[in-house]
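Asker: Structure below; questions to follow.
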Amino acid sequence: MTAIPTAGTRLLDVAAMGLEERVARFGRPLMKPGPGLDPEVLHREVLESPTELELAGEGSLDPVDLEIFLHKLDSIIDDGRDVCKYLSMAEMLQAGDLGVGIFTAKGDLAGMSTGVILHALLHYGPVKYVLKHYVDDPTVGLADGDIFFFNDPDAGGVHTYDHFLMMPVFSGGELLAWVACGGHQGETGSRSPGGWSPEIGTRYEEGLHITPLRVGTDFRFHTDHLEFLLNSVRTPRQNSLDMKARLAVCVRLRNQLLREVERRGAAFVAAGLRQSIKTSAALARRRIAGFNDGVYRSVVFLDTIGISDGLIRLPVELHKRGDELIIDMAGASPEPRIGPFHLRWHLARAASAAALFPTVFRGLRWSIGLFDPIKLTAPPSIVNAPGRDSGTGSGSHTGRVVVQGLLLAAMRMLHDSEHRAGVTAPFAENLLLIQFGGTGQYGNQIAGGPANGNATGQGARFDLDGEHSAGFFWAMVVDCPGPEEQERKFPWVYLFRNRFDRDVCGLGRQRGGVGLTDCFVIHGTAGLQTNSVGTGSRFTKNYGLFGGYSGAAQPRIIIRGSDAKELMTAGAGDLPMSVRELADGRRISGDYAFGHTNSEGETVSDGDVVVLARGCGGGYGDVLERDPAAVLGDIADGITSPELAARLYGVVLTAGGDRVDAEATAARRAEIRAERKRQGRPYADFVAGWSKRRPPPEALGHYGEFPEPVQVVDDREYPVEPVTDRGTWHR
C-alpha cells in the first residue's frame, strides 16, 4: 500500500523495518474508532488485571478441586452448545456452526466449545467494549439479566452473518463472569439472501451492522429492539427463534455456573476462571519453547476479488523465538476496497487458532490463554484492512487461505519435534457455499443454504490417510444434515449425494480425504434467487505437505432447462452418480454452465440442476512411497482410477485388475524416479527461469507490485505504539 506524500510526511518502507518495529506499528487493528467501535479493546493483553474477587479466591484453588471445576466448566459449555444446536432453526446452527464460551468478569475467554473455533475467541471485544463504555453510562449501565447482541465484524465479530448474544453473570451483586453464544445466522438483510454476496462494493451492502446493543433486561428481550432486528431481515420467524435459542443457552450457562458458586463459592469460581487462562498460557509457552528457533515461511494466494478472478498474495512468516511465536504477514497485497474479502486484524489472529490449536497446541485445554505467547503483525493490506467502508462479509475466506499458509509453515516447525504426531496437511479449504432466497415448497420465505460444507476432506497426516467428508475447515465438531432432512427444508430433490468422486483427493505417501459432492434438482418452487461464494475455482488451496499433491480445484456447475425431473420420474437406470459422470457423459440434457465459485445474483428455476463439489484434503509425502496395497484399496473404493495409479503412484495392476503386479510396479516406479532425475536442474538455474515468469496483467489488478508488493506507510499515520505496563498489543 503506497501512501500519497504530503507536506511533512515521512514515508517508511515496511520491508526495511525490523520485525520488532513491525510488531510495534502493525501488531494491532489499524481501523479507526467509530460509533460502538473501539479497536483498543481488540488488542489488549490476553489476560486483564485480576478483580478483587479473583484475588480473594486464589488461595482456595486446590489443584484437584480446580481440575474438577474446569472439567465441569467444559461440560457446562458443551451442554450449551448442544442446546443451541437442538433449539435453533437455521441449518448452519443446527449443524454446529456456532461457538459457546464462558468469560471472566473482565471479558477474557476461560472456556470454549466447538463448533466453529472462531466464534468464542472473538466475543471478548464486545464484552470489553461494554465494560469500558457502557457500565458507567447512565443511559445504559450493566445489571444482572442484561442481554447484549452484536454482529458487526469491526466490533470484534467474523462477518455480519454471524450473530452473537452475551450476558453478564452476577453473584451477590458482584460481576462474576460473562456467558456468550454465537453462530452463523446467515440472513442479515444484505444484498443477497442469506448473506455472502461476492458482488458487493462496500460494507453498506452487507445488511445489519450492530455494535454491542442491549436488546433485553431482566432475562427478557425488549420487544421493540427484537422487532427492529426482525423487520430488517427476510426471514423474521427463523431469526426470532434462533435469537431465543441463543438466549436459552446464555440463561442455561448462567444458571449452571451459579450452581458451581453454590458448591464452591464465588471467589473460587472467579479465581478458577482466571487460573484456566493462566494455565493455558503457561502450557502454550512451554510447548513453544520445545520447538527449534527459526523462521518458517510460506506464501499462498487468493484467486478471487469479488466476482472476478484476481491474484492476491498472502505471505506468512512464522518466527519462533524462545517461548514466543510471531506471525508476520508483511508483503501481503494491498487493500483492494472492492468486494467482501477484506480481513480485520482481530479475525486474522483468531483465524490462526484453526491452524495452531489442533496441531501446535494439540492436547492443551483451549482458552484465550493460548494466544499469550503469540504476536501477530500485519501492515495495512487486505489482511489488516484499515478502510472503514471495506466489505468484510467474506473476510473469513481470506482468513482461511492465510491459515493454509500458516499451517504449512507451522508443520515445518512441528515436524522436527516430539509433537510430530500433530503434523498434518491442510484441511480442505476449496469451499463452495451457495445461498438461496425466495419462496420454499411450503410457501414460506427462505434465505440461506445447506450446511454441506461441513463434509470436506481432511488433510493427510504424517502416519495416516485423511478421513473422507470429515468436517469443516473452521470447525472441530460439526454435522452435515442428511439428504432427506434437507429435502424437507429446501425446495429441491437430490440427484446424487454421498458419493466420492475419483482422482480429486491429494495424493502422497498418505492421501488426503475426499470431500462430499452433491447434486440436486430445484423442485417445488417456480424459482429462487441464488449466488455463491468460495475460493479454489482457478487453483486449489488444499495444499499437500512434504511432497504430497494438493486436492483438486472445483468449479460451480449449473444445468439450466434440464430434463432431470423427467428422467427421475421415468425411473431411468443410467442417471449420473458423480460429477465426472454428469459432466463427461451429459446424460442429462440442458445448458451446462461451468462458472466461477463467486457468482453474481441469478435465478434458478424448477428443474435446474445445481452441483456442489466440496474440497478434498492434501496429501503427505512422496507418492512413490505409498504402499501399493493402499493404492489398490483406493481403486477398489472408487477414489483413484487405475490410470492415475499407474501414472502418478507407479502402481501397476495384474490383468484382472484385482491385484498389484509387484514386479511391474517396481519397474514403473524406477522409471518415474529416473525421469525425475532427467528433469531436475540446479536450484540456481531453476530460480533464473522461474523468476522470469509472470501472471497475465489482468490477474494483477489488485495484487500490488509483482512479485512482492511494496508497502510504504506514513510514519504519522502508523506510529510505533508505546509499550506500557499493560501493553497495547498482546504480550
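For the sequence shown, position 599 matches number 819 in the numbering used here, and the numbering has no gaps at all. Virtual Cβ for every residue (Gly too), placed ideally from N, Cα, C.
(1) Below 8 Å CB to CB, which residues in the same chain sit around T618 once its five sequence neighbours on both sides are set aside?
(2) Could you give the uninterrupted runs of the alpha helix (DSSP H) lying entirely in the region 620-664, keeping only those of 4 residues or more?
(3) Does the pairing of the region 628-644 with the region 749-762 give three or more beta-carbon distances under 8 Å?
(4) Rounded to whole angstroms, what is the Cα-Cα separation between A502 and F289?
(5) Could you tell me the distance, in whole angstroms, from the CA atom of T579 to the CA atom of Y769?
(6) Just to confirm the assignment, what range does the alpha helix (DSSP H) spanning H291 have?
(7) By DSSP's criteria, K595 is part of a beta bridge. Which residues make up the other side?
(8) Check the C-beta distance from A629 over to M549 and give it rounded, since I have them as a contact under 8 Å.
(9) Quick one: what does DSSP say R888 is sitting in, helix, strand or coil?
(10) In the DSSP assignment, the alpha helix (DSSP H) including P348 goes from what residue to what residue?
(11) Counting along the chain, where does the alpha helix (DSSP H) carrying W565 start and finish?
(12) Only counting the same chain, and skipping five residues up and downstream in sequence, which positions put a Cβ closer than 6 Å to that of D723?
(13) Assuming F716 contacts P796 under a Cβ cut-off of 8 Å, what Cβ separation, rounded to an integer in Å, is found between them?
(14) Buried or exposed: which applies to V943, given that a residue is buried once 16 or more other Cβ atoms fall within 10 Å of its Cβ?
(15) Less than 8 Å between the CB atoms is what I'm expecting for S587 and V753, so what's the real figure, rounded?
(16) By Cβ distance below 6 Å, which residues in the same chain neighbour L433 in space, the five residues on each side in sequence not counted?
(17) Relative to the alpha-carbon of V747, which residue among V799, G377, G827 has its alpha-carbon at the smallest distance?
(18) Name the DSSP bridge partner or partners of L395?
(19) Roughly how many angstroms separate the alpha carbons of Q458 and M309, rounded to a whole number?
(20) On the three-state DSSP scale, how would you describe R434?
(21) Taking buried to mean at least 16 other C-beta atoms within 10 Å of its own C-beta, is R569 buried or exposed?
(22) Please classify V261: does DSSP put it in a helix, a strand, or coil?
(23) Using 8 Å as the Cβ pair cut-off and three pairs as the minimum, do the region 352-363 and the region 375-385 touch?
(24) Using CA atoms only, rank isn't needed, just tell me which of A887, G256, D374, V471 is closest to I297.
(25) With which residues is Q749 paired in a DSSP beta bridge?
(26) When DSSP labels each residue in this structure, what does P848 get in the three-state scheme?
(27) For A833, count neighbouring C-beta atoms within 10 Å of its own C-beta (all shown protein chains included) and say buried if the count is 16 or more, exposed if not.
(28) Under the DSSP definition of a beta bridge, which residues are partnered with A833?
(29) In the DSSP assignment, what residue or residues form a beta bridge with V954?
(30) By the 10 Å Cβ neighbour count, where 16 or more other Cβ atoms means buried, how is P872 classified, buried or exposed?
(31) Using a Cβ-Cβ cut-off of 9 Å, state whether V697 counts as contacting chain C.
(32) In this structure, how does DSSP classify A310 when only helix, strand and coil are distinguished?
(33) Three-state secondary structure (DSSP) at N512?
(34) Given a threshold of 16 other Cβ atoms within 10 Å of its Cβ, counted over all protein chains shown, does S782 qualify as buried or as exposed?
(35) What are the start and end residues of each continuous alpha helix (DSSP H) run of 4 or more residues lying completely inside the region 759-794, in chain order?
(36) Bridge partners of S528, per DSSP?
Answerer: In this structure, then:
(1) Translated into positions along the sequence shown, residue 618 becomes position 398. Excluding sequence neighbours, T618 sits near L522, I532, L534, F561, H562, L563, I602, V603.
(2) none
(3) no
(4) One-based indexing of the sequence shown puts residue 502 at position 282. One-based indexing of the sequence shown puts residue 289 at position 69. Cα-Cα distance, rounded: 19 Å.
(5) Working through the sequence shown from its first residue, we reach residue 579 at position 359. Working through the sequence shown from its first residue, we reach residue 769 at position 549. Taking the straight line from one Cα to the other gives about 21 Å.
(6) Within the sequence shown, residue 291 is the residue found at index 71, counting from 1. Residues 283-307.
(7) If you number the sequence shown from 1, residue 595 lands on position 375. Paired residues: I546.
(8) Within the sequence shown, the letter at position 409 stands for residue 629. Within the sequence shown, the letter at position 329 stands for residue 549. Going by Cβ atoms, the distance from A629 to M549 rounds to 11 Å, so no, they are not a contact pair.
(9) If you number the sequence shown from 1, residue 888 lands on position 668. R888: helix per DSSP, three-state reduction.
(10) The residue given as residue 348 occupies position 128 in the sequence shown. Inspection of the sequence shows that residue 348 is occupied by Lys rather than by Pro. It spans 344-349 - the alpha helix (DSSP H) in which K348 sits, taken as one unbroken run.
(11) Indexing the sequence shown from 1 puts residue 565 at position 345. Counting along the chain, the alpha helix (DSSP H) containing W565 begins and ends at 565-576.
(12) For the purposes of this step, residue 723 is taken as the residue at position 503 of the sequence shown. So the qualifying residues of the chain are S861, L864.
(13) Here residue 716 is taken as the residue at index 496 of the sequence shown, counted from 1. Here residue 796 is taken as the residue at index 576 of the sequence shown, counted from 1. That pair is a contact at about 7 Å.
(14) Sequence index remark: in the sequence shown, residue 943 carries index 723 (1-based). Unreliable placement is indicated for V943, whose pLDDT of 49 sits below 50; the coordinate value is still reported in the next sentence. Under this definition V943 is an exposed residue.
(15) Position 367 of the sequence shown, counted from the first residue, corresponds to residue 587. Position 533 of the sequence shown, counted from the first residue, corresponds to residue 753. Incorrect: roughly 31 Å between the Cβ atoms, too far for contact.
(16) Translated into the one-based positions of the sequence shown, residue 433 becomes position 213. Cβ neighbours of L433 beyond the five flanking positions: F369.
(17) In the sequence shown, the residue the question calls residue 747 occupies position 527. Note on residue identity: the sequence assigns Gly, not Val, to residue 747. Nearest C-alpha to G747: G827.
(18) The residue you call residue 395 lines up with position 175 of the sequence shown. F390.
(19) Taking the first residue of the sequence shown as position 1, residue 458 is located at position 238. Taking the first residue of the sequence shown as position 1, residue 309 is located at position 89. Going from the Cα of Q458 to the Cα of M309 covers about 6 Å.
(20) Residue numbering aside, residue 434 sits at position 214 when the sequence shown is read from its first letter. Correct three-state label for R434: strand.
(21) Looking up residue 569 in the sequence shown gives position 349. So R569 counts as buried.
(22) The residue given as residue 261 occupies position 41 in the sequence shown. Helix, per DSSP.
(23) no
(24) Locating residue 297 in the sequence shown gives position 77, counting from the first residue. That would be V471, whose Cα lies nearest to the Cα of I297.
(25) On the sequence shown, residue 749 is found 529 positions in, with the first residue counted as 1. For Q749, which the question treats as bridged, DSSP gives the partners G657, T823.
(26) In the sequence shown, residue 848 corresponds to position 628, counting from 1. Note: P848 maps to helix in three-state DSSP.
(27) Counting from one through the sequence shown, the residue named residue 833 turns up at place 613. Under this definition A833 is a buried residue.
(28) Here residue 833 refers to the residue found at position 613 when the sequence shown is read from its first residue. DSSP lists T737 as partners of A833.
(29) No statement about residue 954 is possible, as the shown extent of the chain runs from 221 to 951 and does not include it.
(30) Taking the first residue of the sequence shown as position 1, residue 872 is located at position 652. Rather than Pro, the amino acid found at residue 872 in this sequence is Val. Buried, by the Cβ-count rule.
(31) Here chain C cannot be found, since the structure has a single protein chain.
(32) As a first step, residue 310 must be located in the sequence shown, where it is residue number 90. If DSSP states are grouped into helix, strand and coil, A310 belongs with coil.
(33) The residue labelled residue 512 in the question sits at position 292 within the sequence shown. The answer is coil: DSSP assigns N512 none of H, G, I, E or B.
(34) Within the sequence shown, the letter at position 562 stands for residue 782. It counts as buried.
(35) 784-789
(36) Within the sequence shown, residue 528 is the residue found at index 308, counting from 1. S528 is bridged to I525.
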